[in-house]
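Mind the numbering: the sequence shown is residues 13 to 475 in my numbering, read in order.
Take a look at the structure set out below.
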Amino acid sequence: MRIKDLIMVSMRNLWRRKLRTSLTILGVVIGTASIVLMVSLGIAMNQNFIKEIERMGSLTTINVYPSYRYEPMMEKKPSAGSVDEGMITDMTIASFESIPGVAIASPVLELSLKMTADKYVSWVQLRGIKPALLEIQKLKVAEGRLLEEQDKLAFLFGSEVAYSFYDPRNSGGGMWYYEEGNEERMPPPVDLMTARLKASYDMNFGEKTPPGGTGTKPVRPYNIIAIGIIEGQGEHAYSVYTTLDQAKAIKKEQDRYNASVSGPATPGSGSKKKTVETYNNAIVQVEDIDQVEAVIETIKSMGFEAYSLMEYLKSMQNTSNAIQMVLGGIGAISLLVAAIGITNTMIMSIYERTKEIGVMKVIGAKMKDIKKMFLIEAAMIGFIGGATGLIISFVGSKILNFVGKNISLFGMGGGGVDAQLSVIPIWLYVLAIVFTTLVGLISGYLPAVRAMKLSVLSALRTE
Numbered sequence: 013m014r015i016k017d018l019i020m021v022s023m024r025n026l027w028r029r030k031l032r033t034s035l036t037i038l039g040v041v042i043g044t045a046s047i048v049l050m051v052s053l054g055i056a057m058n059q060n061f062i063k064e065i066e067r068m069g070s071l072t073t074i075n076v077y078p079s080y081r082y083e084p085m086m087e088k089k090p091s092a093g094s095v096d097e098g099m100i101t102d103m104t105i106a107s108f109e110s111i112p113g114v115a116i117a118s119p120v121l122e123l124s125l126k127m128t129a130d131k132y133v134s135w136v137q138l139r140g141i142k143p144a145l146l147e148i149q150k151l152k153v154a155e156g157r158l159l160e161e162q163d164k165l166a167f168l169f170g171s172e173v174a175y176s177f178y179d180p181r182n183s184g185g186g187m188w189y190y191e192e193g194n195e196e197r198m199p200p201p202v203d204l205m206t207a208r209l210k211a212s213y214d215m216n217f218g219e220k221t222p223p224g225g226t227g228t229k230p231v232r233p234y235n236i237i238a239i240g241i242i243e244g245q246g247e248h249a250y251s252v253y254t255t256l257d258q259a260k261a262i263k264k265e266q267d268r269y270n271a272s273v274s275g276p277a278t279p280g281s282g283s284k285k286k287t288v289e290t291y292n293n294a295i296v297q298v299e300d301i302d303q304v305e306a307v308i309e310t311i312k313s314m315g316f317e318a319y320s321l322m323e324y325l326k327s328m329q330n331t332s333n334a335i336q337m338v339l340g341g342i343g344a345i346s347l348l349v350a351a352i353g354i355t356n357t358m359i360m361s362i363y364e365r366t367k368e369i370g371v372m373k374v375i376g377a378k379m380k381d382i383k384k385m386f387l388i389e390a391a392m393i394g395f396i397g398g399a400t401g402l403i404i405s406f407v408g409s410k411i412l413n414f415v416g417k418n419i420s421l422f423g424m425g426g427g428g429v430d431a432q433l434s435v436i437p438i439w440l441y442v443l444a445i446v447f448t449t450l451v452g453l454i455s456g457y458l459p460a461v462r463a464m465k466l467s468v469l470s471a472l473r474t475e
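In structure tokens:
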């Protein structure tokens with residue numbers, strides 16, 4: 013018999029027993045919808061983890077710190093003519109850049125400054141870096157531009173820095189607090205791109221001078237140029253960036269001022285010795301996400317502490333994979349029950365069609381054709397049930413995402429703005445339909461073999 017004829021005969025046989033066929037298909041539908049929806053929840057969770065991590069920062073960025081905590085100084089006198097182990101220097105940065113897979117390594121010099129924007133005041137964390145780092149990280153700006161090496165007294169602000177400014181004349185302190193993720197929050201008190209900006213390392217700058225003065229020499233503030241505002245949230249949102257050379261210049265003046273305020277140097281401390289610049293930490297940008305772990309291990313073997321968001325992502329993905337397995341297992345139980353139902357249906361079909369099978373053999377039907385006919389019937393039950401289950405899964409996924417549009421998945425997704433509760437990729441649709449068809453074939457195999465081996469005489473005697 014031709015395949016076309018076998019398919020037509022199989023369809024007629026299934027149609028003759030509509031109720032039993034429908035109930036068997038229903039079992040496959042429930043099993044397919046269960047397993048697809050369960051797996052889609054795990055996939056959505058994993059995607060939301062990745063979105064949340066990427067919102068926090070780049071997955072290819074490694075933050076490097078000294079191997080022990082110390083009070084960071086830009087200039088530190090080396091012991092016995094060498095730098096203490098674990099401290100980050102220009103030589104250290106060069107060694108980081110020589111690691112295979114590293115695109116760029118930049119030292120980070122951090123300074124706490126007091127800033128004024130018109131009548132508003134704020135403490136800011138200034139970070140001196142190589143401007144090329146921001147370009148390689150493909151950082152986007154909401155306004156203005158990124159830093160350039162030739163910039164002088166130019167600051168690049170994180171998106172949330174403007175909210176830290178307050179009016180010192182306000183008796184309550186005037187700090188601007190807001191609910192993160194709330195799109196309807198109030199605008200910041202200042203527009204950093206248009207305000208007149210000044211910065212100083214004097215802790216009293218911008219505040220009311222107490223009666224009698226501070227007793228210290230006033231510091232001349234820097235006139236600052238705002239060159240840009242970084243777009244979005246994440247690791248850059250609360251930082252202020254400038255060029256490394258500019259940060260060094262400010263730090264040098266700050267050290268000179270502190271030395272003048274603290275009084276004359278102790279005997280012997282004024283001797284000029286060779287000094288080596290050390291930095292608070294470093295940022296290493298890796299070319300490819302697959303190389304991050306290897307670079308981290310290399311940096312740690314050099315005696316430094318290294319951290320990347322990839323480590324958090326791996327931990328989250330392990331949790332997500334475990335949950336996916338549990339959810340998938342729950343759905344698989346339903347599909348297993350459906351497979352048993354297909355086997356039962358096909359066996360009952362053999363008992364009811366024993367005489368028909370005998371007649372087919374008498375008129376010349378081949379044994380393999382009889383086997384194929386029953387296998388096709390079982391496969392069709394699996395295919396139809398799987399296809400219907402996928403339609404239900406698609407609708408169910410849309411309903412879940414609609415209902416949970418403003419609900420964060422396990423606390424992820426930044427308030428649910430981009431989070432989805434269910435994600436069904438194309439490969440899951442294809443895998444589900446192929447799998448249910450195979451389940452039907454496997455479930456119908458033993459009944460098909462049994463039908464093929466039926467004795468013609470005993471089959472014809474059956475009433």
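Just so it is clear, CB atoms sit at the ideal spot from N, CA and C, and this is done for glycine as well.
Since this is a predicted model, take the numbers as computed values, not measurements.
Only residues of its own chain outside the window of five on either side were considered, and among them Ile37, Val40 have a CB closer than 8 Å to the CB of Ile396, listed in chain order. In the structure shown, Gln297 adopts extended strand secondary structure according to DSSP, grouped into three states. Here Pro119 carries a strand assignment [DSSP, helix/strand/coil]. Here the stretch 202-209 lies against the stretch 122-130, with 3 or more beta-carbon pairs under 8 Å apart.
Lys264 has its alpha-carbon roughly 15 Å from the corresponding atom of Ser274. Counting along the chain, the unbroken alpha helix (DSSP H) around Phe447 starts and ends at 438-464. When C-beta atoms of the stretch 319-330 are compared with those of the stretch 349-363, fewer than three pairs fall below 8 Å, so the two segments do not count as touching. In the DSSP assignment, Met127 is bridged to Ser134, Ala211. Runs of the alpha helix (DSSP H) lying entirely within the stretch 303-340 and spanning at least 4 residues, in chain order: 304-313. When DSSP reads this structure, Ala154 sits in no beta bridge, so it has no partner. Nearest in C-alpha terms to Glu219, of all of Gly240, Gln162, Tyr178, is Tyr178. With 16 or more neighbouring CB atoms inside 10 Å of its own CB, Arg139 falls in the buried class.
Shown here, Ala238 sits in a strand according to DSSP, grouped into three states. The stretch 431-442 and the stretch 49-69 touch, with three or more beta-carbon pairs separated by less than 8 Å. Distances from the CA of Gly398 to each of Val173, Ser346, Leu159, Met322 were compared; the closest alpha carbon is that of Ser346. The alpha-carbon of Glu299 is positioned some 34 Å away from that of Trp135.
Around the C-beta of Ile141, 16 or more other C-beta atoms lie within 10 Å, and the residue is accordingly described as buried.
In terms of Cβ geometry, Glu155 and Gln137 do not form a close pair [threshold 8 Å]. Bridge partners of Leu159 according to DSSP: none are assigned.
If you compare the alpha carbons of Val461, Ile403, Ala306, Glu317 with that of Lys383, the shortest gap goes to Val461.
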